[in-house]
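Below is one structure, written out as structure tokens; comments come after it.
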Amino acid sequence: MNRNLSSHPLVQDFLDRICAKVRASAVHDDIRREMLHHLEECVIEQMDAGMTEEEAIAVAVEQMGDPQVVGKQLNAAHRPKLAWDVLLLLVGMLIVGGVTLLSLYSAMDEGRISIIRKITFAAAGVSVMGVLYFINYRRLLQYSSHIYVGTLFIMAIPIWQDRAINGAKIYITFAHFTFNVYTAVTYLLIVAAAGLLYQEKTYVLVADNKLQLRQFWKEAMIYIIVPSCLFMAAPAMGSLLIYLISISVLLLMKGKWKLLFVGVCSMGVLLLTVLPIVLGRSFISLNFAIERHLAFFHRTEQNSFYYYRSIEAIHAGGWWGQGFGVPSERLPSIVSEMTFSYLVYSLGWVFGIAVALLVLLFLIRIARMGMQLRDGYARALIIGLTTVFAVQYVWTILMCIGLLPILAMQLPIVNWASGTVIELGALGLMLGAYRRKDMLGQIPQWPKNELVK
Numbered sequence: 001m002n003r004n005l006s007s008h009p010l011v012q013d014f015l016d017r018i019c020a021k022v023r024a025s026a027v028h029d030d031i032r033r034e035m036l037h038h039l040e041e042c043v044i045e046q047m048d049a050g051m052t053e054e055e056a057i058a059v060a061v062e063q064m065g066d067p068q069v070v071g072k073q074l075n076a077a078h079r080p081k082l083a084w085d086v087l088l089l090l091v092g093m094l095i096v097g098g099v100t101l102l103s104l105y106s107a108m109d110e111g112r113i114s115i116i117r118k119i120t121f122a123a124a125g126v127s128v129m130g131v132l133y134f135i136n137y138r139r140l141l142q143y144s145s146h147i148y149v150g151t152l153f154i155m156a157i158p159i160w161q162d163r164a165i166n167g168a169k170i171y172i173t174f175a176h177f178t179f180n181v182y183t184a185v186t187y188l189l190i191v192a193a194a195g196l197l198y199q200e201k202t203y204v205l206v207a208d209n210k211l212q213l214r215q216f217w218k219e220a221m222i223y224i225i226v227p228s229c230l231f232m233a234a235p236a237m238g239s240l241l242i243y244l245i246s247i248s249v250l251l252l253m254k255g256k257w258k259l260l261f262v263g264v265c266s267m268g269v270l271l272l273t274v275l276p277i278v279l280g281r282s283f284i285s286l287n288f289a290i291e292r293h294l295a296f297f298h299r300t301e302q303n304s305f306y307y308y309r310s311i312e313a314i315h316a317g318g319w320w321g322q323g324f325g326v327p328s329e330r331l332p333s334i335v336s337e338m339t340f341s342y343l344v345y346s347l348g349w350v351f352g353i354a355v356a357l358l359v360l361l362f363l364i365r366i367a368r369m370g371m372q373l374r375d376g377y378a379r380a381l382i383i384g385l386t387t388v389f390a391v392q393y394v395w396t397i398l399m400c401i402g403l404l405p406i407l408a409m410q411l412p413i414v415n416w417a418s419g420t421v422i423e424l425g426a427l428g429l430m431l432g433a434y435r436r437k438d439m440l441g442q443i444p445q446w447p448k449n450e451l452v453k
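This is the structure:
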């Protein structure tokens, strides 16, 4: 009866008037199916009571209520959703970033930090976030492979240019502007990987073991080996760690624990055998970077200068700090890795604890935001990008208090730099995905798979 009922003029008019009030066109088909289901039940009930089909349809439509009122109620249920709590937490993070900038500006010699440049990066990031918030995130899905290939190309550019800064080939220079591309590529790779994994077909077990093995290694190359080789060629060990943890979360969500295990083991083999020959001089920088990080486990005064200075500054901060904008000649890298240590030194343990709690609330809320979504692609995007943020926040804070090795990581959104544009853009994409959580029709979930046919 459903097919005949849907073509009835009275029912068509009723459904059209309802859908006309619902702005989210993607849910119109779902609304029509749901309304038809209720109408059919009501029509059957009336016909069982002795009415003709025409009479039953008329009564059923009348019992459903005023289509204008029903449409307005459904429109309210499917309107865009803004995560106000996340937005408020973001404002708090930006305020901390502003306080950090002013404190560093007061602490450093004139000319060493450009306050206008920093504010410009933050303003540009907010603008990009606003644009991505209103863009339909699902349009990125079809370009996932393009984003992946383009990101690998961007990673290769500074390696080809062969211009190292502090031993790392991670910068691209345009005129007088130098940009650390490896602060951006982790976000781009995770966006691409979320789309590629979502688009995979449901696995079908096949008898051809060679086909299974070939597909398995293809995925290992795409998701782990190729990106990791480029990270190590730079070398950019901090970015590599962020990427490996984030892609591991996505692969585990997909049920690909075997792929993850084999990929990581393969990287260990390459690190010991092939890479020293292929990378040549770059491997010397990589080896030096690894040895420097391993020094964390056997500290001396020579190899642990940053650790001792950071812990010394935090101890000296006390509950209320040494004063806003106070210089700290003994603490290095206060505009990058050691920013959190300087904030505690100048503003005190209370401020440091407040920042850590703000970060924790921010991470918990954006993770919950992802878990509330039905769309598997949106969920993967938000959880993957949340992991990128989480690794940087947690690692930076713990390394400043001496609990983790020092890597080239900063506090996202708090440390205003060129990477802030990408960070806020990623957050805009996440908020945009959440905004549309009730504006989508029936969408496929993200099934766990183990082999793509």
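Heads up, the sequence shown stops at 453 in the UniProt record's numbering, and the numbers go up one at a time, no gaps. Glycine included, every Cβ here is placed at the ideal spot set by N, Cα and C.
- request: Report yes or no: do three or more beta-carbon pairs, one from the stretch 364-384 and one from the stretch 82-100, lie closer than 8 angstroms?
  value: Yes, the stretch 364-384 touches the stretch 82-100.
message: Quick check on the DSSP output: what are the complete alpha helix (DSSP H) runs of length 4 or more inside the stretch 290-373, in order along the chain?
response: Those alpha helix (DSSP H) runs which fall completely within the stretch 290-373 and span 4+ residues are 305-317, 339-347, 349-371.
Inter-residue Cα distance where the pair is Ser304 and Ile154: Each residue's Cα considered, the two are about 33 angstroms apart.
- request: Compare the C-alpha of Thr178 against each of Ser418, Val394, Ala380, Val191 and name the closest.
  value: Per the Cα distances, Ser418.
8 angstroms Cβ shell around Tyr105 - same chain, five flanking residues per side excluded: Result list for Tyr105: Ile113, Ile115, Gly325, in chain order.
Lys21 beta carbon less than 8 angstroms from that of Gly71: Between Gly71 and Lys21, the gap from beta carbon to beta carbon is short of 8 angstroms.
- request: List the whole-angstrom C-beta distance separating Gly323 from Ser346, where the pair is believed to meet the contact cut-off of C-beta under 8 angstroms.
  value: Yes, they are in contact, since the Cβ atoms of Gly323 and Ser346 sit about 6 angstroms apart, within 8 angstroms.
message: Which runs of the beta strand (DSSP E) at least 3 residues long sit entirely within the stretch 145-196? Give them in chain order.
response: Annotation: the stretch 145-196 contains the following complete segments of the beta strand (DSSP E) (minimum length 3 residues), in chain order: 171-174, 177-180.
- request: Check whether the stretch 158-176 touches the stretch 230-240, taking contact to mean three or more Cβ pairs, one atom from each stretch, closer than 8 angstroms.
  value: The stretch 158-176 vs the stretch 230-240: in contact.
field: Environment of Cys265 [buried if 16+ CB atoms lie within 10 Å]
entry: With a threshold of 16 other beta carbon atoms within 10 Å, Cys265 falls short and is exposed.
- prompt: Closer than 7 angstroms: is that where the CB of Tyr308 sits relative to any heavy atom of the ligand MN?
  reply: Questions concerning the ligand MN fall outside what the structure shown contains, since it holds no ligand whatsoever.
task: Please determine, among Gly348, Arg330, Pro332, the residue with the shortest C-alpha to C-alpha distance to Gly318.
output: With distances taken between CA atoms, Gly318 lies nearest to Gly348 out of Gly348, Arg330, Pro332.
message: I believe Leu132 touches Leu429 by the beta-carbon criterion, under 8 angstroms. Please report the beta-carbon distance rounded to the nearest angstrom.
response: At roughly 5 angstroms, the Cβ-Cβ gap stays under 8 angstroms, so Leu132 and Leu429 are in contact.
- prompt: The alpha helix (DSSP H) with Gly98 in it runs from where to where?
  reply: DSSP places Gly98 inside the alpha helix (DSSP H), whose first and last residues are 84-107.
Boundaries (first-last residue) of the alpha helix (DSSP H) holding Lys81: Careful: Lys81 lies outside any alpha helix (DSSP H) and carries neither H nor E.
- prompt: Cα separation between Met313 and Trp320?
  reply: Per the sequence shown, residue 313 should be read as Ala rather than Met. Approximately 13 angstroms between the Cα atoms of the pair.
- prompt: So, helix, strand or coil for Thr52, using DSSP?
  reply: Three-state result, Thr52: coil.
message: Taking the alpha helix (DSSP H) that Asp13 belongs to, which residues open and close that run?
response: For Asp13, the uninterrupted alpha helix (DSSP H) segment begins and ends at 9-20.
Chain-order list of residues whose beta-carbon lies under 8 angstroms from that of Tyr143 (same chain, five-residue window excluded): Contacts found: Gly195.
- prompt: Among the residues of its own chain, which have a CB less than 6 angstroms from the CB of Val181, if the five just before and after it don't count?
  reply: Excluding residues up to 5 positions away in sequence, Ile154, Ile172 lie with their Cβ nearer than 6 angstroms to the Cβ of Val181 in the same chain.
task: Report all residues from its chain with a CB closer than 6 angstroms to the CB of Tyr393; omit the five preceding and five following residues, and keep chain order.
output: Excluding sequence neighbours, Tyr393 sits near Val359.
query: Can you tell me where the alpha helix (DSSP H) with Leu252 in it begins and where it stops?
result: Annotation for Leu252: the continuous alpha helix (DSSP H) segment containing it runs 237-253.
query: Is the distance from the Cβ of Tyr137 to the Cβ of Leu189 below 8 angstroms?
result: Going by C-beta atoms, Tyr137 is not nearer than 8 angstroms to Leu189.
task: Compute the Euclidean distance between the alpha carbons of Phe14 and Tyr198, then round it to the nearest angstrom.
output: Computed Cα separation, rounded: 37 angstroms.
- request: Would you mind working out which of Glu41, Cys42, Gln12 sits nearest Asp29, comparing C-alpha positions?
  value: Looking at the Cα atoms, Gln12 is the closest of the given residues.
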